[in-house]
Amino acid sequence: MSVGTGSFSCGRWDQAWIDNPTQIALETQWVAGYVVGSESVYNRYTNKPIRIKTKDLDGIKFWIKDFCEKHPTKSIAWASGIFTLTHLYQK
Numbered sequence: 010m011s012v013g014t015g016s017f018s019c020g021r022w023d024q025a026w027i028d029n030p031t032q033i034a035l036e037t038q039w040v041a042g043y044v045v046g047s048e049s050v051y052n053r054y055t056n057k058p059i060r061i062k063t064k065d066l067d068g069i070k071f072w073i074k075d076f077c078e079k080h081p082t083k084s085i086a087w088a089s090g091i092f093t094l095t096h097l098y099q100k
């Protein structure tokens with residue numbers, strides 16, 4: 010279950026690019042927290058330490074933007090999870 014920004018739809022993310030670009034900066038911070046948190050939890054509870062390939066906020070922001078344009082009914086949490094899974098690598 011997701012609350013706050015994570016529960017927002019990708020369609021809302023896309024609309025914020027037009028209506029409220031400042032909101033995108035805040036939502037990108039939420040996504041970054043999700044990504045770093047996922048990495049930390051994975052490393053804590055597995056014997057396979059991993060890293061995320063990029064933690065560049067602009068890179069994350071534009072990856073989420075591209076994903077959301079293709080999947081407007083998915084949530085920001087869903088998009089963040091897919092980003093995390095597709096950007097993992099072994100240490």
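Residue numbering for the sequence shown follows our numbering, beginning at 10 and increasing consecutively. Glycine included, every Cβ here is placed at the ideal spot set by N, Cα and C.
Quiz item: Between which two residues does the alpha helix (DSSP H) containing D67 stretch?
Solution: L66 to K79
Quiz item: Can you tell which of W39, L66 and I61 has its C-alpha closest to the C-alpha of Y98?
Solution: I61
Practice problem: Would you decide whether V40 is buried or exposed? Buried here means 16 or more other CB atoms lie within 10 Å of its CB. | Solution: Flag for V40 reads buried.
Quiz item: Do H103 and A88 have their CB atoms nearer than 9 Å?
Solution: It is not possible to answer for residue 103, since the shown part of the chain is limited to 10 through 100.
Quiz item: With distances taken from CA atoms, which of V50, F17, K83 and R53 is nearest I33?
Solution: F17
Self-check item: Stretch pair the stretch 72 to 79 + the stretch 47 to 56: three plus CB contacts closer than 8 Å
Solution: no
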